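For any residue, its number in our numbering is found by taking its place in the sequence shown, counting from 1, and adding 18.
Note that the Cβ used here is the ideal one computed from N, Cα and C, for glycine as well.
Nothing here was measured: the structure is a model prediction, and the numbers come from that model.
To start, the structure under review is shown below, and the notes come after it.
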Amino acid sequence: MKNYYSMLCVTLMTLVAVFDTCGAAKPHIIFIIADDLGWNDVSFHGSDQIPTPNIDKLANDGVSLFNYYVSPICTPTRSAVMTGRHPIHTGMQHQTVGGPTPYGLPLNETTIAQRLKTLGYMTHMVGKWHLGYFAEEYTPTRRGFDTHIGYYLGSGDYFDHTSKEKGYWGYDFWQNGEIYKPVFGQYSTELYTTAAMEVLQQHDPSKPLFLYVAYQAVHSANPDQPLQAPYKYIKRFSTIKNTKRRTFAAMVSAMDDSIGYIAQTLKDTGLYNNSVIFFTTDNGGPSAGFDYNYANNWPLRGRKNTMWEGGVRGTGFVNSPLLEKPGRISEDMLHVCDWFPTMYKLAGGNVGELTNLDGYDVWDTLSKGVASPRTEILHNIDPIFNFSALRSGDYKIVIGRNNAGSGWYFPEGVDKDESVSVRKFGREREMVYCPPKPVNASTNCNSTIAPCLFNIRNDPCEFYNIAPWNQDLVKELQARVQAWNATAVTPANQPIDPKADPKLHGGYWVPWVNLTQSKAIV
């Protein structure tokens, strides 16, 4: 009998080992990124102008992120997600990859999709790439994704999937490296949701899954018709007085429904119980017509493409049955670079074997409420625009050129005497509260003349520049920025190449450089 039990134990241990090797014990990772979603564009942050019940439920049932930061614009954030490295270390720190510009995320950078494939993951991408496509080697299915359906550029029409950029115009929709036309006329938010649901429905649950869903929503479309949504969504917001904000709200609502459908599909397929859902915006919202858009970050200062909190403080959450302490608001400092090592560790990888990461594994912070290992966040150093910003603990330094867009933008379509009503939703600790605004709030910081300093914990709206009487701290944080800058690489940006013009390629935005041929010529 003793030998029988010994044999049974060995058999069970063998089965467990096989089970783990097959990958069933590894969690499915669903990473959802919204485009240009502002702090005040979701109701779990306190606004009832745009109800987002599906996003709210996932955030409230999981862990919502109160002190989470992204880059101020699209490409840098996406590069950080893919590599776990700060944009100053990949050359992605200045603006975005343009449609006719021949550069992208360097090929010597290993993406999270490539890393997860080595751990047995099936990797699928849906939606926006925006990390370069001038040569085929830079496109998603050459950077670790088994499949991709979506577009390569930064923006475009939600229905006809054409993009107008830098004076050029062409069609930009792809499936696994080939131009794909059957989607013409389909609204991209719904299109990407259907594609994501199909991935989930067709996935073999015995294999671990990485699904990266990069919505076009709620980025503006082409300049001639920048805000687009099906009428069924627009009519939900007849009470919003400003027509542009009303259409923007419809775009958010369509995405919220879509995220709800993805979450329900995870449950219907039985994948949810072993899944982790990450959700983030790529940058702060472009407010008051900037970039043809009407997102909102109230009451935070600034907007997309600025170093103010409205540009870099990200809407985000993590939802999973695997969280040990769900239903929380995390006030720990977190940065977009942290997703790479966190996902890699969840997948069974050894983060200690990775080199040159700027992110931290923060799963214990998210799951258990353990203090974040992060105490400092470099927002950016842009040597071309000549500005930088860094947060250390409670303090934030802003150096260099003061970008336009440094105001406080109240949400369009709401009377200012109704300000209380737009902050009645959400949990109290999830809402940003500011001290009284001084009369010199708009003028007390001119960072082109001298660095500005703010206490973000006590003054999240950046009303009070406290640099004049905290010069020792200013010098200390300046030294930190200089230390970061000493490790930076030159921005990879390239000038426009006329050979990218879609007119030269049948009306399509396509890779126009053959790297093998180019090397042969050199």
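In this structure residue 129 touches residue 101 by the C-beta definition: roughly 7 Å separates them, less than 8 Å. With respect to the C-alpha of residue 184, the residue from 321, 151, 216 and 118 having the closest C-alpha is 118. Of the candidates 476, 239 and 472, 239 places its Cα closest to the Cα of residue 311. Residue 277 sits in a helix when the DSSP states are folded into three classes. Along the region 353-428, the alpha helix (DSSP H) occurs as fully enclosed runs of 4 or more residues at 357-364 and 381-386, listed in sequence order. For residue 460, no pairing in a beta bridge is given by DSSP. Under the three-state reduction of DSSP output, residue 256 falls in the coil class, being neither helix nor strand. Spanning the alpha carbons of residue 526 and residue 89 requires a straight line of approximately 30 Å. Contact between residue 515 and residue 120 holds, with the beta-carbon distance rounding to 5 Å and staying under 8 Å.
Closest in C-alpha terms to residue 202, from the list 180, 214 and 82, comes 180.
When rounded, the separation of the alpha-carbon atoms in residue 478 and residue 192 is 41 Å. Inclusion of residue 412 and residue 378 in the CB contact set at 8 Å is not warranted, their separation being larger than that value.
Exclusion of the five residues before and after residue 217 leaves 142 and 229 as the residues of its chain whose Cβ lies within less than 6 Å of its Cβ. Ranked by Cα distance from residue 290, the first of 76, 109 and 388 is 76. With the rule of 3 Cβ pairs closer than 8 Å, the region 337-350 counts as touching the region 63-82. For secondary structure counted as the alpha helix (DSSP H) over 4 or more consecutive residues, the region 175-252 holds these complete runs in sequence order: 206-220 and 249-252.
When rounded, the separation of the alpha-carbon atoms in residue 301 and residue 225 is 32 Å.
In the three-state reduction of the DSSP assignment, residue 291 falls in the helix class, which pools H, G and I. With respect to residue 315, residue 482 sits apart: the two C-beta atoms are not nearer than 8 Å.
Annotation: the region 108-143 contains the following complete segments of the alpha helix (DSSP H) (minimum length 4 residues), in chain order: 130-136. The bridge partners DSSP lists for residue 166 are 143. Following the DSSP letters along the chain, one finds residue 76 inside the alpha helix (DSSP H) bounded by residues 71-79. Leaving aside the five residues that flank residue 409 on each side, the residues in its chain whose CB is nearer than 6 Å to its CB run, in chain order, 395. Closest by C-alpha distance to residue 304, out of 294, 322, 318 and 297, is 322.
Annotated three-state conformation of residue 350 is strand, per DSSP. Distances from the CA of residue 456 to each of 475, 448, 480 and 98 were compared; the closest alpha carbon is that of 480. Counting the other CB atoms within 10 Å of its CB gives residue 45 a total of 16 or more, which places it among the buried residues. Burial is judged here by how many other beta carbons sit within 10 angstroms of a residue's own beta carbon; residue 97 has at least 16 and is buried.
Per DSSP, residue 329 lies in no beta strand (DSSP E); the unbroken alpha helix (DSSP H) holding it starts and ends at 327-330. Between residue 404 and the set 474, 280 and 466, the nearest pair of CA atoms involves 466. A direct Cα-to-Cα measurement between residue 272 and residue 496 gives close to 43 Å. Distance between residue 349 and residue 450, taken at the CA atoms: about 12 Å.
Secondary structure at residue 152: coil, using DSSP grouped into helix, strand and coil.
In the DSSP assignment, residue 503 falls within the unbroken alpha helix (DSSP H) covering 489-503. Residue pairing by DSSP leaves residue 63 without any beta bridge partner. The alpha-carbon separation between residue 187 and residue 171 amounts to approximately 12 Å.
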